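What follows is a short report on a single structure.
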Ligand code: KG4
Ligand code: ZN
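Residue numbers (the numbering used here): 5 to 329.
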């Protein structure tokens with residue numbers, strides 16, 4: 005089965021062709037990232053205008069790279085929610101138009117679930133039940149997965165998402181956008197010395213809160229000269245505190261649910277320090293921990309096509325062109 009995936013939930017425009025939910029034939033992503041960097045975050049109006057201009061060309065390139073024709077597609081899947089409304093509309097409208105013109109079925113796919121599915125594009129030995137952690141620019145959520153169509157939310161952020169906290173701390177230190185990779189780079193050059201930043205308590209032990217640590221960084225840096233060594237120290241201390249929190253809560257979820265498989269996804273999952281710390285801690289707790297390849301941690305359409313393939317096989321259908329964001 006050949007499935008066309010479309011992803012346009014934030015600043016990326018992605019189109020991919022995936023065979024049998026596993027084999028990526030093409031996975032093209034165009035980003036308007038550079039246009040947002042001077043604002044320190046994504047400007048929705050700019051993102052959706054760029055997506056409108058890019059989507060047709062990205063789609064053509066995806067077909068060219070996969071060396072297949074549109075008529076060979078069996079199913080069209082599109083990110084339905086959550087995301088920026090203007091951006092989602094572009095992808096959904098394009099998907100609907102393709103579905104009508106090619107006379108192929110259309111399926112809406114959840115963006116957060118597709119980040120988890122990215123693991124299945126890279127690994128074949130994942131078993132259920134599992135716990136999943138999604139850490140992205142818009143989400144920080146822990147799920148219990150009975151299987152791919154039955155996900156139970158166990159905890160989520162009460163305020164900023166994890167990636168958003170990286171972006172905001174980077175902005176405080178004038179590093180640029182997106183902040184995650186820049187903080188990671190600085191942190192890697194930090195010393196063993198650490199500033200003790202707070203990690204917030206939440207009523208539900210599996211919920212997260214990252215706005216406090218962002219404010220703590222802001223206050224810590226007030227009236228200080230922002231030298232390179234201070235930036236490294238703050239980046240390393242912030243990153244380590246965030247990773248400690250993610251590990252503690254995710255492993256607690258695994259313990260509560262007696263899950264021995266952990267799937268991690270989303271842009272922040274590309275962070276090397278996060279990956280190695282999770283692998284280390286999971287090995288001690290005898291939990292098998294999976295990450296997607298780094299390029300599949302970021303927003304892309306292969307994960308949308310992949311998850312759509314599985315959901316379609318489980319019987320999920322849309323009524324006509326009823327999907328909306
Ligand atoms: O999943 P994603 O591409 O888009 C959303 O669905 O939000 O994630 C983007 C987020 C940004 O906040 C970015 O700063 C963060 O992922 N990110 C990272 C790294 N690479 C991207 N955070 C920490 N370390 C990284 N290496
Ligand atoms: Zn995402």
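Where a beta carbon is used, it is the ideal one built from N, C-alpha and C, also for glycine. Values in this document were obtained by computation on a predicted structure and should not be read as measured data.
| Asked | Found |
| --- | --- |
| Answer with buried or exposed for residue 73, where buried requires no fewer than 16 other C-beta atoms within 10 angstroms of its C-beta. | exposed |
| Per DSSP, which residues does residue 96 bridge with? Please list them. | BP columns for residue 96 are empty, so no partner. |
| With a threshold of 16 other CB atoms inside 10 Å of the CB of residue 20, please say whether the residue is buried or exposed. | buried |
| Take the Cβ of residue 196 as the centre, count every other Cβ of all protein chains shown within 10 Å, and call the residue buried at 16 or more, exposed below. | exposed |
| What's the gap between the Cα of residue 64 and the Cα of residue 129? | 33 Å |
| What do you reckon, is the C-beta of residue 270 under 8 Å from a heavy atom of the ligand ZN? | yes |
| Indicate the three-state DSSP secondary structure (helix, strand or coil) for residue 172 in the structure shown. | helix |
| When burial is assigned at 16 or more other CB atoms within 10 Å of the CB, is residue 99 buried or exposed? | buried |
| How many whole angstroms separate the CB atoms of residue 119 and residue 307, which I take to be in contact at a CB cut-off of 8 Å? | 6 Å |
| Kindly examine the ligand FMN and report whether one of its heavy atoms sits closer than 8 Å to the Cβ of residue 31. | As for the ligand FMN, it is missing from this structure, which binds only the ligand KG4 and the ligand ZN. |
| Residue 49 by DSSP, collapsed to three states: which one? | helix |
| Could you check what DSSP says for residue 281 in three-state terms: helix, strand or coil? | helix |
| Can you grab the Cα-Cα spacing for the pair residue 35 / residue 16, in whole Å? | 4 Å |
| Rounded to whole angstroms, what is the Cα-Cα separation between residue 94 and residue 12? | 7 Å |
| Measuring straight from C-alpha to C-alpha, what distance separates residue 112 and residue 246? | 32 Å |
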